[in-house]
Amino acid sequence: MSLLELPHRGKEFIEILEESKALVKKLCGIGDEYEVLWLQGGGKMQFCMIPMNFLTDARTAGYIDSGHWAHEAVEYAHYYGNARILASSKESNYSHLPEWPNMQTDLAYLHVTTNNTIYGTQWHNIPKTEVPLIADMSSDIFSAKTDYSRFSVFYAAVQKNLGAAGLALVVIRKDMLHKSQVVLPAMMSYAMHAREKSVLNTANVFGVYVSLLMLRWIDARGIDAIEKENKRKAALLYDAIDSNGNFSANIKEKAHRSLMNVCFSANTPEVEQAFLALCEKNNITGVKGHRSVGGFRASLYNAVTFEQVEELVGVMNRM
Ligand SMILES: *Cc1c(COP(=O)(O)O)cnc(C)c1O
Numbered sequence: 004m005s006l007l008e009l010p011h012r013g014k015e016f017i018e019i020l021e022e023s024k025a026l027v028k029k030l031c032g033i034g035d036e037y038e039v040l041w042l043q044g045g046g047k048m049q050f051c052m053i054p055m056n057f058l059t060d061a062r063t064a065g066y067i068d069s070g071h072w073a074h075e076a077v078e079y080a081h082y083y084g085n086a087r088i089l090a091s092s093k094e095s096n097y098s099h100l101p102e103w104p105n106m107q108t109d110l111a112y113l114h115v116t117t118n119n120t121i122y123g124t125q126w127h128n129i130p131k132t133e134v135p136l137i138a139d140m141s142s143d144i145f146s147a148k149t150d151y152s153r154f155s156v157f158y159a160a161v162q163k164n165l166g167a168a169g170l171a172l173v174v175i176r177k178d179m180l181h182k183s184q185v186v187l188p189a190m191m192s193y194a195m196h197a198r199e200k201s202v203l204n205t206a207n208v209f210g211v212y213v214s215l216l217m218l219r220w221i222d223a224r225g226i227d228a229i230e231k232e233n234k235r236k237a238a239l240l241y242d243a244i245d246s247n248g249n250f251s252a253n254i255k256e257k258a259h260r261s262l263m264n265v266c267f268s269a270n271t272p273e274v275e276q277a278f279l280a281l282c283e284k285n286n287i288t289g290v291k292g293h294r295s296v297g298g299f300r301a302s303l304y305n306a307v308t309f310e311q312v313e314e315l316v317g318v319m320n321r322m
């Protein structure tokens, strides 16, 4: 029988689940104080589940509004309780990270998006905070060494660095699990998903398996080597943009630049058209920026090689 025919509570699939959870903990350097869950509904379902589970009393949750997804997360939270934007760079169209806020210590949690996929900024150093920290790491999980133990909850829609769409990896420290709301439909409750070990309902068995293959690949390469390669890739591309009179990087502040999503623009519409045509001729696809930003975006996720970035830079330098 193939994986797709096996029962999701059967021994074979449970082994896949267990190996994947153990690898997540190993790669994050965390132990059994955390629960690892594979949940359906991608990233946006987490935008709902977080406030549903953790914003249940009279307290307020803080959100850092550093980009499109960060903003959507707080909009979802408004349905469930008091959610406040504590810092935002929306006014400048998210062209830099906002100033880290001073905050009251009785917040239910602080939500931060570690990498802003569409605008190309990334938090490389998140200041220490007293408040439970919840992070959307959809577009930079396992891309570099991170102290995951600083986060009470972190999650990632898997389709960027960790597998095929249709799943989210959610990692929750158990003390947060005990704080989570219990009077919820089971599908919306982290505590129930934890109790049922990610098979509360029919699991996305194929998605979990693909993510297991990715985790094995990440583990075999090692996060250190992946980080080194990601830094080399990003440096090569940003240098090419900064030194080419035809292009400009969207993010001027170098310390805010994302290693994963490099966003840039052509300096004239003629260059934009010519560059897109040259890319197409050279079999480079998907460099058009997100429809809400325009320009170009090169996403340098773990699976993209240094040689592929060299090819893109080669085409830029022919402009
Ligand atoms: C892609 C992305 C999401 C949305 O994920 P879906 O699975 O499409 O819901 C959320 N947050 C970030 C940071 C993303 O990059």
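With the sequence shown counted from 1, adding 3 to any position gets you my numbering. We put the CB at the ideal spot given by N, CA and C, even for glycine.
Is the beta carbon of residue i less than 8 angstroms from the beta carbon of residue j?
{"i": "M179", "j": "Y158", "result": "no"}
{"i": "T108", "j": "N85", "result": "no"}
{"i": "A252", "j": "D245", "result": "yes"}
{"i": "A301", "j": "L315", "result": "yes"}
{"i": "M52", "j": "Y151", "result": "no"}
{"i": "K93", "j": "D68", "result": "yes"}
{"i": "A76", "j": "Y83", "result": "no"}
Please go through the same chain and pick out, in chain order, the residues whose beta-carbon is closer than 7 angstroms to the beta-carbon of residue i, but skip the five residues on each side of it.
{"i": "Y212", "result": "L6, I19"}
State the Cα-Cα distance for the pair residue i and residue j, rounded to the nearest angstrom.
{"i": "F154", "j": "I175", "result": "8 angstroms"}
{"i": "I221", "j": "P104", "result": "34 angstroms"}
{"i": "A197", "j": "A223", "result": "28 angstroms"}
{"i": "N249", "j": "E273", "result": "10 angstroms"}
{"i": "A280", "j": "T288", "result": "10 angstroms"}
{"i": "L170", "j": "W41", "result": "6 angstroms"}
{"i": "N233", "j": "V265", "result": "12 angstroms"}
{"i": "N204", "j": "P10", "result": "12 angstroms"}
{"i": "F16", "j": "K257", "result": "44 angstroms"}
{"i": "Q276", "j": "V186", "result": "55 angstroms"}
{"i": "E38", "j": "G45", "result": "18 angstroms"}
{"i": "H129", "j": "V318", "result": "Strictly speaking, residue 129 in this sequence is Ile, with His absent from that position. Approximately 35 angstroms between the Cα atoms of the pair."}
{"i": "H74", "j": "G13", "result": "40 angstroms"}
Report yes if the C-beta of residue i is less than 7 angstroms from at least one heavy atom of ligand 1; otherwise report no.
{"i": "S142", "result": "yes"}
{"i": "T120", "result": "yes"}
{"i": "W41", "result": "no"}
{"i": "W72", "result": "yes"}
{"i": "K163", "result": "yes"}
{"i": "G210", "result": "no"}
{"i": "T59", "result": "no"}
{"i": "D139", "result": "yes"}
{"i": "T116", "result": "yes"}
{"i": "G45", "result": "yes"}
{"i": "A160", "result": "yes"}
{"i": "K238", "result": "Before going on, a small fix: residue 238 reads as Ala here, not Lys. Every heavy atom of ligand 1 is 7 angstroms or more from the Cβ of A238, so no."}
{"i": "A168", "result": "yes"}
Return helix, strand or coil for residue i, following the three-state DSSP convention.
{"i": "H74", "result": "helix"}
{"i": "K28", "result": "helix"}
{"i": "Q125", "result": "strand"}
{"i": "L3", "result": "Absent from the model: residue 3. The displayed extent of the chain is 4 to 322, so no value can be given."}
{"i": "N118", "result": "strand"}
{"i": "D139", "result": "strand"}
{"i": "N320", "result": "helix"}
{"i": "L42", "result": "strand"}
{"i": "S152", "result": "helix"}
With a threshold of 6 angstroms on Cβ separation, who are the neighbours of residue i within its own chain once the five nearest residues in sequence on each side are excluded?
{"i": "W126", "result": "T117"}
{"i": "A111", "result": "F57, L58, R62, A64"}
{"i": "L262", "result": "N233, A237"}
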